[in-house]
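Note sheet for the following structure.
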Amino acid sequence: MSQKVNAGDACAFHPRSTDQSSFEKKFSTGELPVEPNRYHYVWAKFCPWATPAAIMIDYTGLNKVISKFATYPLRHPGIDDNWFFGKNDDDEDPILHTTRLSENYQKTDSTFSGRPTVPALIDLKTGGVVNSSSQTIMNELGKYWKQYFSKDVADVYPTDRQDEIDAMSAQIITDITSVPGKITEATSQSEYDKLAKQYFDRLEALDQRLADQRFLMGDTITLPDFWLVVSLIRFDLVFYYKDKLNKKRLDEFPNLWRYARECYQIPAFKHDTDFKAIKQHFFQISDDPVTSFDRIIPIGPDESRWEN
1 MSQKVNAGDA CAFHPRSTDQ SSFEKKFSTG ELPVEPNRYH YVWAKFCPWA TPAAIMIDYT
61 GLNKVISKFA TYPLRHPGID DNWFFGKNDD DEDPILHTTR LSENYQKTDS TFSGRPTVPA
121 LIDLKTGGVV NSSSQTIMNE LGKYWKQYFS KDVADVYPTD RQDEIDAMSA QIITDITSVP
181 GKITEATSQS EYDKLAKQYF DRLEALDQRL ADQRFLMGDT ITLPDFWLVV SLIRFDLVFY
241 YKDKLNKKRL DEFPNLWRYA RECYQIPAFK HDTDFKAIKQ HFFQISDDPV TSFDRIIPIG
301 PDESRWEN
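If you read the sequence shown in full-length UniProt numbering, its first letter stands for residue 1, the second for the next number, and so on.
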């Protein structure tokens, strides 16, 4: 029997709890102190929502003061509502010493019974999740952790451009990052057509924007670049095929294709891009035996194209 799982199931939907605000704490409100080596970022290498912040942490040098660890990319057999830290049920996150992400949500809210999602920023003093929104985490780190950025990288969230950066990130998240998770739930041709148009119209606009500049906001990488590149990689590997987002391939957008490959060559982007994990998650889905064609991992596209 085929397993139908929404493409955004892993991370697009945030967990529900009796007190959702438990997972929305911020540095800006004073709820969270800016303290090196106190926080741990749990993400998933396949996830278009959790990966941007993982890349940002590595790119800015925050990985020296914020640890991170990725969940296993496949659901464990018979368990579709939790994320484990390894292939075996007893594999642990080496820092948290928990085996599944729900344990860390429950350390914050003992009544939590929802679906734990990535990303999850965890306070190591309690072992509990303090924030589960990638966009919030990125903005907060970009604004309040600048003192820990590496000196050899440009500011990814400069104070005088934050409104512009937020607007660009919002466009990408709304029109590109969110669409694959929605389009697989379409129940009419018109609904599919509307979402596909939204997706490709934004890609066309961004392709034109990049015709005469290196990155989205100019000559240096900023927060929207993390969002866009992560989504472009998954478009190329998965969404073009699986989600019928096939009006044009990524390499038919000359400027986006040049831009995406250039960013991929940057160590933080390459280090946090796992082609195998992406395809495993979106096609195979779980470690249950593969018994249907839709769960077979395709041979292509040729990943070496990203190296040229």
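A virtual CB, placed ideally from N, CA and C, is assigned to each residue, including glycine.
With H, G and I counted as helix, E and B as strand and the rest as coil, what does DSSP make of residue i?
| i | result |
| --- | --- |
| F253 | coil |
| G218 | strand |
| E24 | strand |
| S286 | strand |
| R261 | helix |
| R209 | helix |
| R75 | strand |
| A50 | coil |
| R295 | helix |
| L237 | helix |
| T177 | helix |
| L195 | helix |
| S150 | coil |
| I266 | coil |
| N63 | helix |
| I57 | helix |
| P224 | helix |
| R115 | coil |
| T184 | coil |
| I137 | helix |
| E31 | coil |
| V156 | coil |
| G300 | coil |
| I95 | coil |
| W145 | coil |
| R305 | helix |
| D90 | coil |
| S231 | helix |
Measuring straight from C-alpha to C-alpha, what distance separates residue i and residue j?
| i | j | result |
| --- | --- | --- |
| F235 | F23 | 29 Å |
| T136 | S28 | 10 Å |
| N6 | T187 | With a pLDDT of 43 at N6, under the threshold of 50, the predicted position of this residue should be treated as unreliable, though the coordinate-derived value follows. Near 13 Å, if we compare the C-alpha coordinates of T187 and N6. |
| V179 | L195 | 6 Å |
| residue 309 | L250 | No answer is possible for residue 309: the residues shown for the chain start at 1 and end at 308. |
| Q189 | K244 | 12 Å |
| P289 | P298 | 16 Å |
| R305 | N255 | 15 Å |
| S21 | S134 | 15 Å |
| K87 | D219 | 41 Å |
| T222 | F282 | 28 Å |
| P116 | S102 | 5 Å |
| K151 | K182 | 40 Å |
| F85 | E307 | 30 Å |
| R261 | N139 | 25 Å |
| N246 | I233 | 14 Å |
| E35 | L141 | 11 Å |
| S113 | D225 | 34 Å |
| S110 | L74 | 26 Å |
| V130 | L124 | 10 Å |
| N104 | D212 | 45 Å |
| P94 | D193 | 45 Å |
| A154 | G61 | 11 Å |
| L216 | T98 | 39 Å |
| Q280 | P33 | 37 Å |
| R214 | C263 | 10 Å |
| Q198 | G30 | 38 Å |
| I285 | F275 | 14 Å |
Name the one or two DSSP bridge partners that residue i has.
| i | result |
| --- | --- |
| W43 | A70 |
| F84 | R100 |
| V129 | I122 |
| R161 | In DSSP, R161 forms no bridge with anything. |
Quiz item: Would you call the stretch 193 to 213 and the stretch 142 to 152 in contact, with 3 or more CB pairs under 8 Å?
Solution: no
Quiz item: Should the stretch 65 to 75 be called in touch with the stretch 31 to 47, which here means at least 3 C-beta pairs below 8 Å?
Solution: Three or more Cβ pairs drawn from the stretch 65 to 75 and the stretch 31 to 47 lie within less than 8 Å of each other, which places the two stretches in contact.
Quiz item: Quick one: any contact between the stretch 73 to 80 and the stretch 167 to 177, if contact means 3 or more CB pairs under 8 Å?
Solution: The stretch 73 to 80 makes no contact with the stretch 167 to 177, as fewer than three CB pairs between them are under 8 Å.
Practice problem: Determine, using beta-carbon pairs with one atom in the stretch 149 to 161 and one in the stretch 206 to 216, whether at least three such pairs fall under 8 Å. | Solution: no
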